[in-house]
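Here is the structure we will look at, set down as structure tokens.
Number of protein chains: 2
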Amino acid sequence: MKLTSANINVMVKACRKASRYLIRDFGEIEKLQVSIKGPGDFVTSSDKKVEKIIIEELEKARPSYSILSEEIGEVNKDKEFKWIIDPIDGTSNFLHGIPHFAISIGLEHNKEIISGIIYDPIKDEMFAAEKGNGAYVNNQRIRVSSRSNLKDCIIFTGGPRANDKSKDLIFEEYKKISLKVNTAIRKLGSAALDMAYVASGRCDGFLQRNLNYWDIAAGIILVKEAGGYVTDFNGKDEYIKNKSILAANSKIIKK
Amino acid sequence: MKLTSANINVMVKACRKASRYLIRDFGEIEKLQVSIKGPGDFVTSSDKKVEKIIIEELEKARPSYSILSEEIGEVNKDKEFKWIIDPIDGTSNFLHGIPHFAISIGLEHNKEIISGIIYDPIKDEMFAAEKGNGAYVNNQRIRVSSRSNLKDCIIFTGGPRANDKSKDLIFEEYKKISLKVNTAIRKLGSAALDMAYVASGRCDGFLQRNLNYWDIAAGIILVKEAGGYVTDFNGKDEYIKNKSILAANSKIIKK
């Protein structure tokens, strides 16, 4: 069984085309990253190039859909359908030559995410999900983990970012959660892959403050379709307004 | 240019043979990890099997060398040469299906690490180094990064472990270092790969308390031969006695 809807195919095609450039540029980064200046400007141009290819491909197939993407922002057309794009999630990893980053594309229909893909080009893992049709990695069905005892769990998190105003709160939460899960916390540096890993049961939960919508859009449908639960820290689904997200198997979340 | 010494070849051969089982078992884990009990026992047996294969291969080639390995402990023979083995570094990642773990083998000569390999079977990256002959990944020369401004750096760390007595201290240090590096901290869950990533310039520094010798033995020679600096938190090289290690490019370490 696998996902074969037309919109998933459009996303996968755009993503595969863009990822060829991404991989080539990552090879260049590995040479640049030992220089003192570092590959900062190169990465920005890489990010924009990858975004351009994705948007061109998506617009070719769906000329009327609106777009929200990290670099170019909002392109408002159709009111019903909107692509939510993060051309490189885990930019800082990419910049440093750490082989852990992803392309993330979600699709909104009437303000609800109805499908999404997250692609890890280094491990060639294509995570995809569609409302009502389940979640997959490379066409294999995935499900969230079944662990119910926090002491056995691994939890992923990220942040705070450099200019974050709630740094102290985030460090406090980090310590608190660390102690609850026997200190099995990971910070891998890509929120999109963190959520894909929750969906595939590789980690049991993920939480982070102050993310952008393009970081989490595809991840939300992936976790939900894998049988998981997604909420903001107030128990609602206002991830951006409430500046927080928690995604986990449903056994370790208090509702 | 690459490393071709007989001892490196012995390590690489043992490691490649063992990694075939490791990859096969990891495939099984991915199926087991969604079950409630989880693959705990399976992982222990996998760890022991991989260790057995590595030791058999090493002993076939070097019957007289002593051994220190995570599961079986010390095997004292030759006083000059000793293999230091971690069959699966990042066991907790392996257990949860997180594709980030490694085999680590170091070689001591008269109490000094003179060569070592760290192998990531998922990405097929063989990191190897030999005293005086440099450090390599898949036969490509690697060097530590050149970043000197902490604000541009990514730092890797790990711990505290569940039963760690210095948890509070470790959380304090985590926060302190986070703020110094613009919060670009990663916790990837494998100390051996953390050190291999310092050696290849993917991260700028790594620090952790309370590691075992098999976690860091191969990493020490890799970082040194890549032009980096390795010290315990007291500025000495008593990593086990002083229960701490710091490995980084030499520009960001106060000597």
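Each protein sequence line maps, in turn, to chains A and B.
Numbering of the first sequence is given in my numbering, commencing with residue 273 and proceeding in unit increments.
Numbering of the second sequence is given in my numbering, commencing with residue 273 and proceeding in unit increments.
Idealized CB from N, CA, C, for every residue including glycine.
All values reported here derive from a predicted model rather than from experimental measurement.
Quiz item: Is residue 522 of chain A helix, strand or coil when you go by DSSP?
Solution: coil
Exercise. State yes or no: is the C-beta of residue 399 of chain B within less than 8 Å of the C-beta of residue 471 of chain B?
Key: yes
Quiz item: Exposed or buried, which one is residue 278 of chain B when buried takes at least 16 other CB atoms within 10 Å?
Solution: exposed
Quiz item: Distance, Cα to Cα, residue 354 of chain A vs residue 343 of chain A?
Solution: 16 Å
Quiz prompt | Nearest neighbour of residue 461 of chain B, chosen from B:411, B:449, B:368 and B:501 [CA to CA] | solution = B:368
Exercise. Could you spell out where the alpha helix (DSSP H) holding residue 466 of chain B opens and where it closes?
Key: 463-471
Practice problem: Give the interface partners of residue 393 of chain B over in chain A, defined as CB-CB distance under 9 Å, in chain order. | Solution: Near residue 393 of chain B there are no residues of chain A at all, since even the closest Cβ is about 12 Å away, more than 9 Å.
Quiz item: Does the stretch 446-461 of chain B come within contact of the stretch 436-455 of chain A, defined as at least 3 CB pairs closer than 8 Å?
Solution: yes
Quiz item: Any C-beta of chain B sitting closer than 8 Å to the C-beta of residue 287 of chain A?
Solution: no
Quiz prompt | residue 348 of chain A: contacting residues in chain B (beta-carbon distance under 9 Å) | solution = The premise fails here: residue 348 of chain A is roughly 33 Å from chain B at the closest Cβ pair, so nothing lies under 9 Å.
Exercise. Please list, in chain order, all residues of the same chain as residue 282 of chain A whose beta carbon is under 8 Å from its beta carbon, the five residues on each side excluded.
Key: 329, 330, 333 and 334
Practice problem: Compare the C-beta of residue 455 of chain B against all C-beta atoms of chain A and say whether one is closer than 8 Å. | Solution: yes
Exercise. Spatial neighbours of residue 285 of chain A within its chain, please: CB distance less than 7 Å, with the 5 preceding and 5 following residues excluded, ordered by chain position.
Key: 329
Quiz prompt | Per-residue burial, residue 412 of chain B [other beta carbons within 10 Å of its own, 16 or more giving buried] | solution = exposed
Exercise. Locate the beta strand (DSSP E) running through residue 409 of chain B, then write down its first and last residues.
Key: 406-409
Quiz prompt | Opposing strand residues paired with residue 374 of chain A [DSSP bridges] | solution = A:361
Quiz item: Does the separation of the CB atoms of residue 415 of chain B and residue 362 of chain B fall below 8 Å?
Solution: no
Self-check item: Complete runs of the alpha helix (DSSP H) confined to the stretch 479-524 of chain A [at least 4 residues]
Solution: 485-497
Quiz item: Is the CB of residue 369 of chain B under 8 Å away from at least one CB in chain A?
Solution: yes
Quiz item: For the candidate residues A:491, A:481, A:489 and A:493, whose alpha-carbon lies nearest to that of residue 505 of chain A?
Solution: A:481
Practice problem: Please go through the same chain and pick out, in chain order, the residues whose beta-carbon is closer than 7 Å to the beta-carbon of residue 476 of chain A, but skip the five residues on each side of it. | Solution: 417, 419, 425, 426, 427, 520, 521 and 524
Self-check item: Delimiting residues of the alpha helix (DSSP H) encompassing residue 444 of chain B
Solution: 439-452
Quiz item: Run through DSSP, which three-state label would residue 300 of chain A get?
Solution: helix
Quiz prompt | For residue 429 of chain B: DSSP bridge partner residues | solution = B:479
Practice problem: Can you give me the start and stop residues for the beta strand (DSSP E) that residue 340 of chain B sits inside? | Solution: 338-341
Quiz item: Bridge partners of residue 293 of chain B, per DSSP?
Solution: Looking at the DSSP assignment, residue 293 of chain B forms no beta bridge with any residue, so it has no partner.
Quiz prompt | Minimum Cβ-Cβ distance from residue 274 of chain A to chain B less than 8 Å | solution = no
Self-check item: Any chain A beta carbon closer than 8 Å to residue 473 of chain B
Solution: yes
Quiz prompt | The beta strand (DSSP E) enclosing residue 345 of chain A, as first and last residue numbers | solution = 345-347
Exercise. Could you please give the first and the last residue of the uninterrupted beta strand (DSSP E) stretch that includes residue 387 of chain A?
Key: 384-392
Practice problem: State yes or no: is the beta carbon of residue 294 of chain B nearer than 8 Å to at least one beta carbon in chain A? | Solution: no
Quiz item: For the beta strand (DSSP E) that contains residue 397 of chain B, what are its first and last residues?
Solution: 397-402
Quiz prompt | Any chain C beta carbon closer than 8 Å to residue 443 of chain B | solution = The structure shown contains no chain C; its protein chains are A and B.
Quiz item: Is it right to say residue 384 of chain A is buried, meaning 16 or more other beta carbons lie within 10 angstroms of its own, or is it exposed?
Solution: exposed
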